Amino acid sequence: MVAKLKDVAQLAGVSVTTVSRVINNYGSLSQKTINKVHAAMRELNYQPNALARAMQGKPSKFVGLIFPNLINPFFAELANELEHELFKKGYKTIIASSAQNPEIEHEYLNMLMANQVDGIISGSHNLGIEEYHQLTAPIVSFDRYLADNIPIVAADSYHGGELAAKYLVEHDVKHLAVIVDEDTSVSPTINRIQGALDFLNKQKRDFEPLAIQHLDLETTFPGNYDGVLASNDVQALTISNLYYQAGKQINKDFFITGYDGSRLIRKVAPYLPTVIQPISLLAQELIETLMKRIETPHEKIETKLVPVEFYQPK
Numbered sequence: 001m002v003a004k005l006k007d008v009a010q011l012a013g014v015s016v017t018t019v020s021r022v023i024n025n026y027g028s029l030s031q032k033t034i035n036k037v038h039a040a041m042r043e044l045n046y047q048p049n050a051l052a053r054a055m056q057g058k059p060s061k062f063v064g065l066i067f068p069n070l071i072n073p074f075f076a077e078l079a080n081e082l083e084h085e086l087f088k089k090g091y092k093t094i095i096a097s098s099a100q101n102p103e104i105e106h107e108y109l110n111m112l113m114a115n116q117v118d119g120i121i122s123g124s125h126n127l128g129i130e131e132y133h134q135l136t137a138p139i140v141s142f143d144r145y146l147a148d149n150i151p152i153v154a155a156d157s158y159h160g161g162e163l164a165a166k167y168l169v170e171h172d173v174k175h176l177a178v179i180v181d182e183d184t185s186v187s188p189t190i191n192r193i194q195g196a197l198d199f200l201n202k203q204k205r206d207f208e209p210l211a212i213q214h215l216d217l218e219t220t221f222p223g224n225y226d227g228v229l230a231s232n233d234v235q236a237l238t239i240s241n242l243y244y245q246a247g248k249q250i251n252k253d254f255f256i257t258g259y260d261g262s263r264l265i266r267k268v269a270p271y272l273p274t275v276i277q278p279i280s281l282l283a284q285e286l287i288e289t290l291m292k293r294i295e296t297p298h299e300k301i302e303t304k305l306v307p308v309e310f311y312q313p314k
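In terms of the numbering used here, the sequence shown opens at residue 1 and continues consecutively.
See the structure below:
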C-alpha cells in the first residue's frame, strides 16, 4: 500500500499540517520535529508527488541540472555541490548529462518541463537550442550564453587565461602551443583564450595556436614544444602523459597549464599547475541567482563573474 500524508503524520506523532510544512520547508519548526517527520517518511518510503503539487500551483521542490558531461571531474564536483546545497534549501535535483548532443539535451529539457521543475541550472555546450528561447521556467546558465533573458554565472575566464599565460611566460617557455576551441558561439568561456592571447601579445611572446577540432594529440606532442596552454585539466594530463612517455619531466623539461582545478585533479595530480574555478562559490552564486529568478522572474539579472586563482605546485 502506498503511504499517504496522514500515515506519515500518525507515525511521527504530529499533525498533517506539520508534515506538509516540513515537506515544503515552510514556517518555523524545531529540528526535533523535522527529524521525526523525515524519519517517518523514510520508514514508510513516502514520496511527495511533485507533479500533483505543481498542478495545484505549488512549488515542486525539484531543480533540474544539465551539464555537458559528468566525466570531467569539474562538472561532477559542481553538480555534487549544487545537489548538496539545494537539498539544504529543501530542493531535490534531477541531474542530466547532455553528452554534448543537442538531441539529447532537447529530450532532457522536455522531461524536466514535464516534471514541472521549479527551475533549471544549465551548463550545456549545445548552443542555439530553440527551447531555451521559449521556456518560461526560471533558468540560470553556467558559463554559457543561452538566450537574452537567461542570466549567466561564470568564473572570470579572461583573468584565468591571463594567469595561465603568465605562468608560462615566467618559466621562459620558448616554443609555446596554445590549444584553442573554434567554437564561435557567444560564450564567456571564449574569454579564457582571449585573456591568454592578449597577455602573450603584450609580452611580445610567440606562440602557436592549435585548434582542438583538428588536433591529434599523439602525433603533435611532445614535438618541439616546451610549453602548452591546455583547455582543461583532463586535456593537460593527457598531453603530459605523452611527454612522460618521451622521457620528459613536467615543470622541468616542459611546462603546461590546466584549467578547472577540481579537488580530485589537485589530489591525484598535485604537480599540475592549473587555474582553479572555485566550485563552492560558483554553486552558491548559481543557486542564489536561481532563487532570485524564481522570486522575480522578469527582473533583469546581470552576468556574475566569480574570481579565479592559479594553483602552482610548491
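Even for Gly, the Cβ is constructed at its ideal location relative to N, Cα and C. This structure is a prediction, so every number in the text was calculated from the model and none was measured.
Helix, strand or coil, according to DSSP, for TYR259 in the structure here? To locate residue 259, count along the sequence shown from 1; it is residue 259. TYR259: strand per DSSP, three-state reduction.
Bridge partners for ILE250 per DSSP, in chain order? As a first step, residue 250 is located in the sequence shown; it is residue number 250 there, counting from the start. The partner list for ILE250 (beta bridge, DSSP) reads PHE254.
Going by C-alpha distance, which of GLU81, ALA165, ALA3 is nearest VAL275? Along the sequence shown, read from residue 1 onward, the residue named residue 275 stands at position 275. Of GLU81, ALA165, ALA3, the residue nearest in Cα terms is ALA165.
Given this structure, state the Cα-to-Cα distance separating LEU86 from ASP118, to the nearest angstrom. By 1-based counting over the sequence shown, the position of residue 86 is 86. By 1-based counting over the sequence shown, the position of residue 118 is 118. About 12 Å.
Assign SER28 to buried or exposed, taking buried as 16 or more other Cβ atoms, counted over all protein chains shown, within 10 Å of its Cβ. Stepping through the sequence shown from its first residue, residue 28 is reached at position 28. Counting Cβ neighbours within 10 Å, SER28 comes out exposed, since fewer than 16 surround it.
DSSP puts LEU163 in a beta bridge; with which residues? Mapped onto the sequence shown, residue 163 falls at position 163. DSSP lists no partner for LEU163.
Cα-Cα separation, VAL268 to LEU217: Looking up residue 268 in the sequence shown gives position 268. Looking up residue 217 in the sequence shown gives position 217. Approximately 22 Å between the Cα atoms of the pair.
Is it the case that the Cβ atoms of THR220 and LEU210 are separated by a distance below 8 Å? The residue you call residue 220 lines up with position 220 of the sequence shown. The residue you call residue 210 lines up with position 210 of the sequence shown. Contact: yes.
Closest by CA to ILE212, which one among SER122, ASP181, VAL140? For this step, residue 212 is matched to residue 212 along the sequence shown. The shortest C-alpha separation from ILE212 is found at ASP181.
Looking at the structure shown, is THR93 part of a helix, part of a strand, or coil, going by DSSP? Taking the sequence shown and counting its residues from 1, the one referred to as residue 93 is at position 93. Strand, per DSSP.
Can you find the residues in the same chain that come closer than 7 Å, C-beta to C-beta, to PHE294, ignoring five residues on each side of it along the sequence? As a working note, residue 294 is residue 294 in the sequence shown. The question names Phe, but residue 294 in the sequence shown is Ile. If the five residues before and after ILE294 are omitted, its C-beta is found closer than 7 Å to the C-beta atoms of ASP118, GLY119, PRO138, all from its own chain and listed in chain order.
ASP226: buried (16+ other C-beta within 10 angstroms of its C-beta) or exposed? Stepping through the sequence shown from its first residue, residue 226 is reached at position 226. Under the 10 Å beta carbon count, ASP226 is surrounded by 16 or more other beta carbons and is classified as buried.
Length of the line joining the Cα atoms of LYS304 and LEU281: Locating residue 304 in the sequence shown gives position 304, counting from the first residue. Locating residue 281 in the sequence shown gives position 281, counting from the first residue. Going from the Cα of LYS304 to the Cα of LEU281 covers about 11 Å.
Within 7 Å: the Cβ of ALA76 and any heavy atom of the ligand PLP? Summarising the ligand content, the structure contains no ligands, and the ligand PLP is consequently not present.
Return the chain-ordered list of same chain residues with a C-beta closer than 8 Å to the C-beta of GLU288, the five sequence neighbours on each side being excluded. Working through the sequence shown from its first residue, we reach residue 288 at position 288. Answer for GLU288: no residue qualifies.
Going straight from the alpha carbon of HIS298 to that of ASN149, what length do you get? Stepping through the sequence shown from its first residue, residue 298 is reached at position 298. Stepping through the sequence shown from its first residue, residue 149 is reached at position 149. Taking the straight line joining both Cα atoms gives about 9 Å.
Please identify the residue among ILE265, LYS174, PHE207 whose C-alpha is closest to the C-alpha of ASP253. Taking the first residue of the sequence shown as 1, we reach residue 253 at position 253. Ranking the options by Cα distance to ASP253, first place goes to LYS174.
Inter-residue spacing [alpha-carbon to alpha-carbon] between ASN191 and GLU162: Locating residue 191 in the sequence shown gives position 191, counting from the first residue. Locating residue 162 in the sequence shown gives position 162, counting from the first residue. Going by the C-alpha atoms only, they are around 10 Å apart.
Here's a check: name, in chain order, each residue in its chain whose Cβ is nearer than 8 Å to the Cβ of GLN284, leaving out the five neighbours to either side. Within the sequence shown, residue 284 is the residue found at index 284, counting from 1. Result list for GLN284: GLU85, in chain order.
Per DSSP, the bridge partner or partners of ALA155: Taking the first residue of the sequence shown as 1, we reach residue 155 at position 155. ALA155 pairs with VAL306.
ILE193 versus VAL178, ASP206, LYS204, residue with shortest Cα-Cα distance: If you number the sequence shown from 1, residue 193 lands on position 193. If we check each option's Cα against that of ILE193, VAL178 comes out closest.
Rounded to whole angstroms, what is the Cα-Cα separation between ALA52 and GLY195? The residue labelled residue 52 in the question sits at position 52 within the sequence shown. The residue labelled residue 195 in the question sits at position 195 within the sequence shown. Below a pLDDT of 50, predicted positions are generally treated as unreliable, and ALA52, at 49, falls in that range; the measurement from the model is reported next regardless. Distance between the alpha carbons of ALA52 and GLY195 is about 49 Å.
Using a Cβ cut-off of 8 Å (strictly closer), state whether PHE207 contacts chain C. Checking the listed chains, one finds no chain C in this structure; it contains a single protein chain.
Look up PHE67 in the DSSP assignment and say whether it is helix, strand or coil. The residue labelled residue 67 in the question sits at position 67 within the sequence shown. Looking at PHE67 - three-state DSSP - the assignment turns out to be strand.
Option in GLY123, VAL153, ASP206 with minimal Cα separation from LEU176: Counting from 1 along the sequence shown, the entry for residue 176 is found at position 176. Taking only the C-alpha atoms, the option nearest LEU176 is ASP206.
Which class does GLU299 belong to by DSSP, given the choice of helix, strand or coil? Taking the first residue of the sequence shown as 1, we reach residue 299 at position 299. GLU299: coil per DSSP, three-state reduction.
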